[in-house]
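Once you know that position 14 of the sequence shown is 14 in UniProt numbering, the rest is easy, because the numbers rise by one and skip nothing. Heads up, the beta-carbon is just placed ideally off N, CA and C, and yes, glycines get one too. First comes the structure, then the notes that go with it.
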Amino acid sequence: MSEYNFRAIEKKWQERWEQSRLFNAEVDTEKPKFYSLDMFPYPSGAGLHVGHPLGYIASDIVTRYKRLKGFNVLHPMGYDSFGLPAEQYAIQTGQHPAITTEQNIRRYTEQLKNIGFAFDWEKEVRTSDPGYYRWTQWIFMQLFNSYYDLDADKALSIDHLISIFEKEGSSGLRAVCDEDPTDFSAEDWHNFPEAERQKILLQYRLTFLAETTVNWCAALGTVLSNDEVKDGFSERGGHPVERKRMMQWSMRITAYAERLLNGLDKLDWPEPVKEMQRNWIGRSVGAEMVFDVVGQAGKIKVFTTRIDTIYGVTYLALAPEHELVGQLITGEQREEANSYVLQARNRSERDRMSDVKTISGAFTGSYAINPFNGEQIPIWIADYVLAGYGTGAVMAVPAHDERDYNFARHFDLEIRQVIEGSMENGSFPGKGGTIINSGFISGMEMQAAMDKAIAFLEEQGIGKGKVQYKMRDAIFTRQRYWGEPLPVYFREGLPYLVAEEDLPLRLPEVDKYLPTDDGAPPLGRAKNWTYTTTEGTFPLEMSTMPGWAGSSWYFFRYMDARNPKSFVSPGAAAYWGAVDLYIGGAEHATGHLLYSRFWTKFLYDRGMVPIDEPFQKMINQGMIQGRSNFVYRKKGTNTFISHGLIKDHEVIPMHVDVNIVHNDQLDLNAFKNWRPDLADAKFVLEDDKYVCGAEVEKMSKSKYNVVNPDDVIERYGADTLRLYEMFLGPLEQFKPWNTNGIDGVFKFLKKLWRLFYDQNGNWQVTDKQAPREAYKALHKTIQKVEEDIERHSFNTSVSSFMICVNELSALKCNQREILEPLLVILSPYAPHIAEELWEKMGHEQSIIHESYPRAETQYLTEESHEYPVSINGKMRAKINLSLSLSKAEIEAAALQHEDLQKWIDGKTPRKVIVVPGKIVNIVL
Numbered sequence: 001m002s003e004y005n006f007r008a009i010e011k012k013w014q015e016r017w018e019q020s021r022l023f024n025a026e027v028d029t030e031k032p033k034f035y036s037l038d039m040f041p042y043p044s045g046a047g048l049h050v051g052h053p054l055g056y057i058a059s060d061i062v063t064r065y066k067r068l069k070g071f072n073v074l075h076p077m078g079y080d081s082f083g084l085p086a087e088q089y090a091i092q093t094g095q096h097p098a099i100t101t102e103q104n105i106r107r108y109t110e111q112l113k114n115i116g117f118a119f120d121w122e123k124e125v126r127t128s129d130p131g132y133y134r135w136t137q138w139i140f141m142q143l144f145n146s147y148y149d150l151d152a153d154k155a156l157s158i159d160h161l162i163s164i165f166e167k168e169g170s171s172g173l174r175a176v177c178d179e180d181p182t183d184f185s186a187e188d189w190h191n192f193p194e195a196e197r198q199k200i201l202l203q204y205r206l207t208f209l210a211e212t213t214v215n216w217c218a219a220l221g222t223v224l225s226n227d228e229v230k231d232g233f234s235e236r237g238g239h240p241v242e243r244k245r246m247m248q249w250s251m252r253i254t255a256y257a258e259r260l261l262n263g264l265d266k267l268d269w270p271e272p273v274k275e276m277q278r279n280w281i282g283r284s285v286g287a288e289m290v291f292d293v294v295g296q297a298g299k300i301k302v303f304t305t306r307i308d309t310i311y312g313v314t315y316l317a318l319a320p321e322h323e324l325v326g327q328l329i330t331g332e333q334r335e336e337a338n339s340y341v342l343q344a345r346n347r348s349e350r351d352r353m354s355d356v357k358t359i360s361g362a363f364t365g366s367y368a369i370n371p372f373n374g375e376q377i378p379i380w381i382a383d384y385v386l387a388g389y390g391t392g393a394v395m396a397v398p399a400h401d402e403r404d405y406n407f408a409r410h411f412d413l414e415i416r417q418v419i420e421g422s423m424e425n426g427s428f429p430g431k432g433g434t435i436i437n438s439g440f441i442s443g444m445e446m447q448a449a450m451d452k453a454i455a456f457l458e459e460q461g462i463g464k465g466k467v468q469y470k471m472r473d474a475i476f477t478r479q480r481y482w483g484e485p486l487p488v489y490f491r492e493g494l495p496y497l498v499a500e501e502d503l504p505l506r507l508p509e510v511d512k513y514l515p516t517d518d519g520a521p522p523l524g525r526a527k528n529w530t531y532t533t534t535e536g537t538f539p540l541e542m543s544t545m546p547g548w549a550g551s552s553w554y555f556f557r558y559m560d561a562r563n564p565k566s567f568v569s570p571g572a573a574a575y576w577g578a579v580d581l582y583i584g585g586a587e588h589a590t591g592h593l594l595y596s597r598f599w600t601k602f603l604y605d606r607g608m609v610p611i612d613e614p615f616q617k618m619i620n621q622g623m624i625q626g627r628s629n630f631v632y633r634k635k636g637t638n639t640f641i642s643h644g645l646i647k648d649h650e651v652i653p654m655h656v657d658v659n660i661v662h663n664d665q666l667d668l669n670a671f672k673n674w675r676p677d678l679a680d681a682k683f684v685l686e687d688d689k690y691v692c693g694a695e696v697e698k699m700s701k702s703k704y705n706v707v708n709p710d711d712v713i714e715r716y717g718a719d720t721l722r723l724y725e726m727f728l729g730p731l732e733q734f735k736p737w738n739t740n741g742i743d744g745v746f747k748f749l750k751k752l753w754r755l756f757y758d759q760n761g762n763w764q765v766t767d768k769q770a771p772r773e774a775y776k777a778l779h780k781t782i783q784k785v786e787e788d789i790e791r792h793s794f795n796t797s798v799s800s801f802m803i804c805v806n807e808l809s810a811l812k813c814n815q816r817e818i819l820e821p822l823l824v825i826l827s828p829y830a831p832h833i834a835e836e837l838w839e840k841m842g843h844e845q846s847i848i849h850e851s852y853p854r855a856e857t858q859y860l861t862e863e864s865h866e867y868p869v870s871i872n873g874k875m876r877a878k879i880n881l882s883l884s885l886s887k888a889e890i891e892a893a894a895l896q897h898e899d900l901q902k903w904i905d906g907k908t909p910r911k912v913i914v915v916p917g918k919i920v921n922i923v924l
């Protein structure tokens, strides 16, 4: 094969890699391990566009490089295949979501294989495969059978908790649980009926059933997360969303809040991602206290980080969803307050948190009593207070909090400045009247004032010091069909687990993928969705798990993907350990990444895995943006004006398919065939061609700027695609896709090919000695590429390859001792062409079995330097001199150089400045 026939080469090597199982990884304790992972992709029907493989190419380069460095590499791929899009399509067409999911996976796999990734496809997993989700269900069962012991600071078996109850009751127990757990003695526990014991245990289980405020979308028939709601409507479909109380399964991720926060310090992650998690966890140190309500038995619990401002409180503000709102609203306020509550409840918490301009609220008509001074203060409802954060109630100190201040100003409420104590500074202008603290905390520093106030709360039995987290327990159910069934049945209204031997609990067949007529989830349509035990037959849970369930542990399954006895064997988990390199998007910071850390810490607590953090190093790849092209229709006609001529016409710009544009030049025939209304299009050309306009935008079908990698591979090859995506710029940055630049990379590969074959197609590699200049070009590239890969700077490596091949081409280098190492270091980037030429060199084994060459110092040290010589500050010549010369020898050589004599013109220099290895400056 004398020509660079990339189509035949790439197909050949992709088939050979698959047949030889070259990239399959097994535990090998004789080798160091390297675990590289790409974020779990969802297989959409649209397939991949050129932006998707960016991170995959980077991780593939690293894994191929690590193999060359002697590592045993695990580099798997699989699919997060449960999800809303497949179900929505099933609802619209009646086709089972498993069918479309399988089609999408087949398409994704084909595309990924065409790019030549070194994935271990035998370890592929899919979250929708019953063989996989049986272990997701199993992990759920372990969470159900665990509680968080605060003294041990970890999760323990629920059996351990039961043994405590049997011996001591609940007295003195320090465990994460519901707000107001049941108090009982050991004798009480023994006397409780089974149902009462199960209710108590639900107060402690790490996954539990409770009434929760959720975002309910009736049109989609499911609960949505805050991120799926915008301005009261679902992001998918734009359907109305309301906030309502529903019975839901949740997980006590809050039990792990402190460990999740502290664990960030030991992770090599991008700082913005770690900061997002810190803010999401939201640790606050303060006090929790109780306000009595005038004339009512109800008490309002408030958390504050500034209890020392208690004398500046002028009102209480409650979230619209607060459980006491209904009983606090008095008759004369009822119509206005109820109307406001209904409107405010339907705004998502995300919208309410981000909206700092809209001020809305309503007075309940009730008053609370400040426990420090007995003063009566009004109770308001305000949507800037969130039900899920803290207690859902705020003690408002308008002079010293911006949102309290804006609310008080809007509704003409009293504003008091605390001028003694700790709040003299940091107040807002125009704060109104002032109040001097009583001697109770007057004149103290902030911390001392807070400590004294907390001590008073605890002495009076009306509050306590507390660490509060903004993060809430994670809702774990969706009222959907296409998700993992929960392995739970109900007996006398209480949840019980199915037997482990009955896993997986498979999705049943249903006639439609919609809720039932009475509002039950789609699983309620199954003919016999029940579970039979020795006690009888009972209904199964009809909700399914959320999308994040299967993706919270998939990295463990890859280690031991076909194990039928456990989700991962101890040996595999111990060997592969944490993921060494994880590449994916920053958008998952407070979802997938947080839940994965939570589940890993839980599995670690229960002794099921040896690590408590799943991903040691993470890189967030940037987005490849689209480069849109435009044509310009002359107004009122079907004539299109070339870009350089539009100033002379009144035109309407129109997006055009970038796939019929090359180097900004429009393919006129393809344009006419693109749409029926363009068949008779006419063109006003410049220099006999139609030049399109261009703009960088997000890749989108609506902008016709989506580039399919299949098209690029068909035209240029996978190696060109791989090199070009890396060449576009630093991995972490956003950069535009510009097909105009891909020709240069393709020409580079053809130039590389010409080092091995002459212009007549004859093999020209020789065993002769190479010149020193060729060794220098090679070894500086070996060093640079190794440094680049180690710091994940892939774009500069591509530049180094190009420079090296240019230098070797200029030297007419065709020596084996230069070209073999060059292929080895190039192979992670362009594996197909490297394998082909490696085989042509006479090697029987894949290039992947080679060792990465060492950069030899003798070729990295320059022997001479080209000195720029300036005369009176202007550079007049360059002279090449040995680096072994002394300053005097360099000066003499410069003054005697024939090209400089005419500028010196016989004059005696006043000064000659010599910087060895840098410059020479002559001052006349």
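Own chain partners of residue i with C-beta closer than 6 Å, once the 5 adjacent residues on each side are dropped
i: V712; result: L721
i: P831; result: G116
i: G312; result: V397, A399, R416, V418
Integer-rounded CB distance, given that residue j should sit under 8 Å from residue i
i: C804; j: L778; result: 7 Å
i: E323; j: F303; result: In fact, because the Cβ distance is near 16 Å, the residues do not count as touching under 8 Å.
i: M545; j: G483; result: 5 Å
i: I611; j: G585; result: Between G585 and I611 the Cβ distance is about 23 Å, and since that is not below 8 Å, they are no contact.
i: V707; j: L723; result: At roughly 16 Å, the Cβ-Cβ gap does not stay under 8 Å, so V707 and L723 are not in contact.
Exposure of residue i, with buried meaning 16 or more beta-carbon neighbours within 10 Å
i: I825; result: buried
i: A344; result: buried
i: R791; result: exposed
i: V294; result: exposed
i: A317; result: buried
i: W763; result: exposed
i: G430; result: Its pLDDT being 44, under 50, G430 is placed unreliably in this model, and the value from its coordinates should be taken loosely. Answer is exposed; the Cβ neighbour count stays below 16.
i: S864; result: exposed
i: D719; result: buried
Collapsed DSSP secondary structure at residue i in the structure displayed
i: F140; result: helix
i: E844; result: coil
i: F615; result: strand
i: T637; result: coil
i: Q198; result: helix
i: S44; result: coil
i: T544; result: strand
i: A152; result: coil
i: L678; result: helix
i: E323; result: coil
i: Q468; result: strand
i: M251; result: strand
Residues near residue i in its chain [Cβ-Cβ closer than 7 Å; skip 5 each side]
i: residue 930; result: For residue 930 there is no data in the structure shown, the boundaries of the chain being 1 and 924.
i: D657; result: W674, Y704
i: V285; result: T305, V467
Same chain, Cβ closer than 8 Å to residue i, neighbours up to 5 away in sequence not counted
i: R21; result: E122
i: H190; result: E166
i: H239; result: C217, A218, A219, L220, F233
i: W269; result: F615, K617, M618
i: A893; result: I879, L881, L885
Enumerated in chain order, which unbroken segments of the beta strand (DSSP E) with a length of 3 residues or greater are wholly contained in the stretch 349-399?
361-369, 376-382, 393-396
What ranges does the alpha helix (DSSP H) occupy inside the stretch 262-305, keeping only unbroken runs of at least 4 residues that lie completely in it?
Fully enclosed alpha helix (DSSP H) runs of 4 or longer: 271-281.
Runs of 4 residues minimum, wholly inside the UniProt domain "Aminoacyl-tRNA synthetase class Ia" (12-145): which ones carry the alpha helix (DSSP H) assignment?
53-68, 84-93, 97-114, 130-144
Identify every run of the beta strand (DSSP E) within the stretch 571-624, keeping only runs that are complete inside it and at least 3 residues long; order them along the chain.
You should have 581-584, 618-620.
Quick one: complete alpha helix (DSSP H) runs, 4+ long, within the stretch 813-858?
Listed in chain order, the complete alpha helix (DSSP H) runs (minimum 4 residues) inside the stretch 813-858 are 816-826, 831-840.
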